[in-house]
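Protein chains: 2
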Amino acid sequence: MKNEEILNQLNDENIDSMFVYSPENIKYISGFYPSSTAYLIITDEPILYVNSIDKESAEEKAEIETRDIIKFSEIKELLTGNVAVESSLEFGMVKHLADDISSIKTSNVFTDKRKTKTKEEITNIKNSIGIAENAIMEIDFSSTEKFAAASLEFDMTINGSIKPAFDTIVAGGKRSSSPHSETSMNRVETPIVVDWGAKYDHYCSDITRTFIDTERQEEIWNIVLEAQKAAIKTIAPGVSYADVDNAARDVISEYGYGEYFIHSTGHGFGLDIHEDPIISNKAKGILEESMVITAEPGIYIPGEFGVRIEDDVLVGKNTKVLTSLDKKLDFTL
Amino acid sequence: MKNEEILNQLNDENIDSMFVYSPENIKYISGFYPSSTAYLIITDEPILYVNSIDKESAEEKAEIETRDIIKFSEIKELLTGNVAVESSLEFGMVKHLADDISSIKTSNVFTDKRKTKTKEEITNIKNSIGIAENAIMEIDFSSTEKFAAASLEFDMTINGSIKPAFDTIVAGGKRSSSPHSETSMNRVETPIVVDWGAKYDHYCSDITRTFIDTERQEEIWNIVLEAQKAAIKTIAPGVSYADVDNAARDVISEYGYGEYFIHSTGHGFGLDIHEDPIISNKAKGILEESMVITAEPGIYIPGEFGVRIEDDVLVGKNTKVLTSLDKKLDFTL
């Protein structure tokens, strides 16, 4: 079904053959995530080529025909007519695929299809969220930020997460004023921004909670929560990405902190932690049923601190917040 | 000095300007590892362009001039004369950099320079190895493979590792017979192949130990150790990659297990876990002083089990094994 749609779109794009190299796209189409060199060649149907290291498990898990990897000269012969590659393919690799690279097109077929999730994908994302939510209950703030991150990641791993969906952020005190603060060997202090996610069967989750303990922190936290609620309320099929972003941004701006909300309100995720759509007022497009996106407004006051609250939302006739964790969590230092 | 060498090589390659996008290459040349969109444009000298999220820390840490990121149209204007990009750059990105992409060259200047390590890089690698070596002492085999991996990674993280250098492998019993076995929720059984590494200041380490407890396992383990010793003994500046690989391969073949040594003997590493050179009998090239490579022969008997022993070696007049961990480690299940 999924693969038929991909073949149809390639047909619409007038693409005769496509070379696919991203392990996430290979997983998407075949169900198998390679551990070594592997690629798909799609002509009449997708065929998976794997390294000897992956042969046994590919034959067991892949839902499509599997063969041994071949030489570039042989790949070239199979790629006939209008040839496409992923926009993400390495330039050095493209050069091996054609004598005249200006003839090679890029197709967004995977980016497009992966924007909306299948039932099976949603189940994997829910499992990934469950692992992440349980782990935050085990976080240990008694030592350094790194120690806290390690305690959280430990719990995710023993419960089946392949690895963290991205570098776990534990940012305390002034360090929380950057959205991408590097988790440090400093002792944990409040407010503590924790941004984390698991990978279950290669599917991500993405959650942020900010642990607060002063009135000033609570004041900012309440504004961020109000902004997040406003954004989530707008999420429905047919609504523009910009409208969702503006819903959060307007709340924060009304309170006078607009300049401190320095990123967009959310993004899609699935096999990758950042997928289309981008929930930004600069992005064009409208929400579709079965998209899974984050809602994560934040306020970052330079030299003071930052607050972010992030939940995962499934777009639908009845839009559903997939995360079920309390917004405010108890903690001890 | 390092940057001067890069400018010289670009000059030799007749490249007038280069666009650099890999965070590892940006770190290599500037000392700063970006957390968001960033790139270098090298003309007369390298200039770093960073996103607002990274601005503060880039200005603090980068050793070269730092500016705000600019539009593709402005980048295009700066890229004059013969333009090069990294071979790893995304094809979709290359298309933004020139109207006629066939004019864009690839330069291996970073791959070439990063093959040999500076003193500072070697210090970082040594620190990364230290973190990894300490952590194996804390591994807990009393439960699942995932639990064992989590216990090891926990210790690396609390001691300053940014993240595992790659997905930690804990593969027990029959699962050890694949070199890339996925760490599972199965209970640990022997032999246990553990392949792990830390990242310290973005520099990797890469070690493997196999925990054994039967005579049959010990028989295979002894052959692998003899092969590894033979390989390490040959490592010196001027020796071909093939000769190192063959030294290990010959030992394993003599014992009749040649067909079960299904990968190459080693690889370079540094900011990336896999860098040039590839220590394979199919690779061309000779070892140079200050390369850092792995020596990791293995025997993988299908349906039975696998054994691998891996250490990290600094090539020099006095070649030095940087790992100092015992080859055989005590353990309890």
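Chains as they are written, first to last, in this note's numbering: chain A, 2 to 334; chain B, 2 to 334.
Every residue, glycine too, gets a C-beta built ideally from N, C-alpha and C.
Everything numeric in this text was worked out from a predicted model, so none of it was measured.
On the criterion of 16 or more Cβ atoms from any shown chain inside 10 Å, does A:E311 qualify as buried, or is it exposed?
Counting from 1 along the first sequence, the entry for residue 311 of chain A is found at position 310. Buried, because 16 or more other Cβ atoms sit within 10 Å of the Cβ of A:E311.
Evaluate A:L11 with the Cβ neighbour count: other Cβ atoms within 10 Å of its Cβ, from every protein chain shown; 16 or more gives buried, anything less gives exposed.
Residue 11 of chain A sits at position 10 when you count from the first residue of the first sequence. Its Cβ being crowded by 16 or more others within 10 Å, A:L11 is buried.
Could you list the residues in the stretch 179-194 of chain A with a C-beta less than 9 Å from some C-beta on chain B, going in chain order?
Going along the stretch 179-194 of chain A in chain order, one finds S179, P180, H181, S182, E183, T184, M186 with a Cβ nearer than 9 Å to chain B.
The beta strand (DSSP E) enclosing B:Y50, as first and last residue numbers
Position 49 of the second sequence, counted from the first residue, corresponds to residue 50 of chain B. Taken as a continuous stretch (DSSP letters only), the beta strand (DSSP E) holding B:Y50 covers 47-51.
Check B:F20 in the structure and name its three-state DSSP category.
Numbered from its first residue, the second sequence carries residue 20 of chain B at position 19. Annotated three-state conformation of B:F20 is strand, per DSSP.
Within the chosen definition, does the stretch 232-246 of chain A reach the stretch 284-297 of chain A through at least 3 CB pairs nearer than 8 Å?
The stretch 232-246 of chain A is in contact with the stretch 284-297 of chain A.
Let me see if you follow: with CB-CB separation under 7 Å, is A:V21 close to chain B or not?
If you number the first sequence from 1, residue 21 of chain A lands on position 20. Cβ-Cβ to chain B under 7 Å: no for A:V21.
Taking a cut of 7 Å between CB atoms, which residues from the stretch 295-326 of chain B lie near chain A?
Flagged: no residues at all.
Please say whether A:E297 and A:R309 have beta carbons closer to each other than 7 Å?
Position 308 of the first sequence, counted from the start, is the residue given in the question as residue 309 of chain A. Position 296 of the first sequence, counted from the start, is the residue given in the question as residue 297 of chain A. Judged by their CB atoms, A:R309 and A:E297 are nearer to each other than the 7 Å cut-off.
Where does B:R68 land, buried or exposed, given buried means 16+ other C-beta within 10 angstroms?
Here residue 68 of chain B corresponds to residue number 67 of the second sequence, with the count starting at 1. Exposed is the label assigned to B:R68, since fewer than 16 other Cβ atoms lie within 10 Å of its Cβ.
Beta carbons nearer than 9 Å to chain B: which residues of the stretch 135-167 of chain A have them?
Answer in chain order: S144, T145, K147, F148, A150, A151, S152, E154, F155, D156, M157, T158, I159, N160, G161, S162, I163, K164, P165.
How about A:G173: is its C-beta nearer than 7 Å to some C-beta of chain B?
Taking the first sequence and counting its residues from 1, the one referred to as residue 173 of chain A is at position 172. No, A:G173 lies away from the interface with chain B (no Cβ there is under 7 Å from its Cβ).
Which ranges would you report for the alpha helix (DSSP H) in the stretch 85-146 of chain A if only whole runs of at least 4 residues count?
The alpha helix (DSSP H) runs lying completely inside the stretch 85-146 of chain A and spanning 4 residues or more are 92-98, 110-115, 120-137, given in chain order.
For the ligand ADP, is there any heavy atom lying closer than 6 Å to the beta carbon of B:V293?
No copy of the ligand ADP appears in this structure; indeed no ligand is present at all.
Since B:F20 and B:I42 should fall inside the 8 Å C-beta cutoff, what is the C-beta to C-beta distance between them, to a whole number of angstroms?
Numbered from 1 along the second sequence, position 19 holds the residue referred to as residue 20 of chain B. Numbered from 1 along the second sequence, position 41 holds the residue referred to as residue 42 of chain B. Contact flag correct, Cβ pair sits at about 6 Å.
Quick check on A:E75: does DSSP put it in helix, strand or coil?
Position 74 of the first sequence, counted from the first residue, corresponds to residue 75 of chain A. Reduced to three states, the DSSP call for A:E75 is helix.
Pull the bridge partners of A:L315 from the DSSP assignment, please.
Within the first sequence, residue 315 of chain A is the residue found at index 314, counting from 1. Beta-bridge pairing links A:L315 to A:V293, A:K321.
On the CB-based measure, 16 or more other CB atoms within 10 Å of its CB, does A:G271 come out buried or exposed?
By 1-based counting over the first sequence, the position of residue 271 of chain A is 270. The residue is buried, with at least 16 neighbouring Cβ atoms inside 10 Å.
Hey, A:S162 and A:I130: beta-carbon distance below 7 Å or not?
Your numbering for residue 162 of chain A matches position 161 in the first sequence. Your numbering for residue 130 of chain A matches position 129 in the first sequence. With contacts defined by Cβ atoms closer than 7 Å, A:S162 and A:I130 do not form a contacting pair.
With 7 Å as the limit, tell me which residues of the stretch 72-94 of chain B have their beta carbon closer than that to any beta carbon of chain A; keep them in chain order.
Within the stretch 72-94 of chain B, those residues whose Cβ lies closer than 7 Å to any Cβ of chain A are, in chain order, V86, S88, S89, L90, E91, F92, G93.
What number of angstroms, rounded off, separates the C-alpha of B:S206 from the C-alpha of B:L153?
Translated into the one-based positions of the second sequence, residue 206 of chain B becomes position 205. Translated into the one-based positions of the second sequence, residue 153 of chain B becomes position 152. Approximately 14 Å, taken between the alpha carbons.
Listed by chain order, chain B residues near A:T107 by CB distance under 9 Å:
Residue mapping note: residue 107 of chain A aligns to position 106 of the first sequence, counting from 1. By Cβ distance, chain B contributes F92, G93, K96.
Given a limit of 7 Å on CB to CB distance, which residues of the stretch 231-258 of chain A reach chain B?
For the stretch 231-258 of chain A, which is checked against every Cβ of chain B, not one residue is closer than 7 Å.
What residues are listed by DSSP as bridge partners for A:W222?
Position 221 of the first sequence holds residue 222 of chain A. For A:W222, which the question treats as bridged, DSSP gives no partner whatsoever.
Is it right to say B:N15 is buried, meaning 16 or more other beta carbons lie within 10 angstroms of its own, or is it exposed?
Stepping through the second sequence from its first residue, residue 15 of chain B is reached at position 14. Per the 10 Å Cβ criterion, exposed.
Any idea if A:K116 is buried or exposed, counting beta-carbon neighbours within 10 angstroms, 16 or more meaning buried?
The sequence position of residue 116 of chain A within the first sequence is 115, counting from 1. With 16 or more other Cβ atoms inside 10 Å of its own Cβ, A:K116 counts as buried.
By the 10 Å Cβ neighbour count, where 16 or more other Cβ atoms means buried, how is A:R176 classified, buried or exposed?
Here the question's residue 176 of chain A lines up with position 175 in the first sequence. Counting C-beta atoms within 10 angstroms of its own C-beta, A:R176 has 16 or more neighbours from the protein chains shown and is therefore classed as buried.
Using a Cβ-Cβ distance under 7 Å, would B:S31 count as near chain A?
Against the second sequence, residue 31 of chain B aligns to sequence position 30. No, B:S31 lies away from the interface with chain A (no Cβ there is under 7 Å from its Cβ).
Which residues in the same chain have their Cβ closer than 8 Å to the Cβ of A:L226, if we skip the five residues on either side of it in sequence?
As a position in the first sequence, residue 226 of chain A is number 225, starting the count at 1. If we look at A:L226 and ignore the five residues flanking it on each side, its Cβ neighbours are I310, K328.
For A:V171, report the span of its beta strand (DSSP E) as first-last.
Against the first sequence, residue 171 of chain A aligns to sequence position 170. 170-173 is the extent of the beta strand (DSSP E) around A:V171.
When the Cα of A:I280 is compared with those of A:M292, A:D273, A:G267, A:I274, which residue comes out closest?
Position 279 of the first sequence, counted from the start, is the residue given in the question as residue 280 of chain A. Considering only alpha carbons, the answer is A:G267.
In chain A, which residues lie with their C-beta within 7 Å of the C-beta of B:S53?
The residue labelled residue 53 of chain B in the question sits at position 52 within the second sequence. Using a Cβ-Cβ cut-off of 7 Å, B:S53 is close to I263 of chain A, given in chain order.
Closest Cβ-Cβ distance between A:S177 and chain B: below 7 Å?
Along the first sequence, read from residue 1 onward, the residue named residue 177 of chain A stands at position 176. So no, A:S177 is outside the interface.
Should A:A103 be flagged as near chain B, meaning a C-beta pair shorter than 7 Å?
Residue mapping note: residue 103 of chain A aligns to position 102 of the first sequence, counting from 1. Reading the sequence as shown, one finds Ser at residue 103 of chain A and not Ala. Answer yes: the Cβ-Cβ gap between A:S103 and chain B drops below 7 Å somewhere.
What residue does the beta strand (DSSP E) around B:V308 start on, and which one ends it?
On the second sequence, residue 308 of chain B is found 307 positions in, with the first residue counted as 1. B:V308 -> beta strand (DSSP E) spans 306-309.
Selection of the stretch 273-286 of chain B by Cβ proximity to chain A, strictly under 8 Å:
When CB distances to chain A are screened at a threshold of 8 Å, not a single residue of the stretch 273-286 of chain B falls below it.
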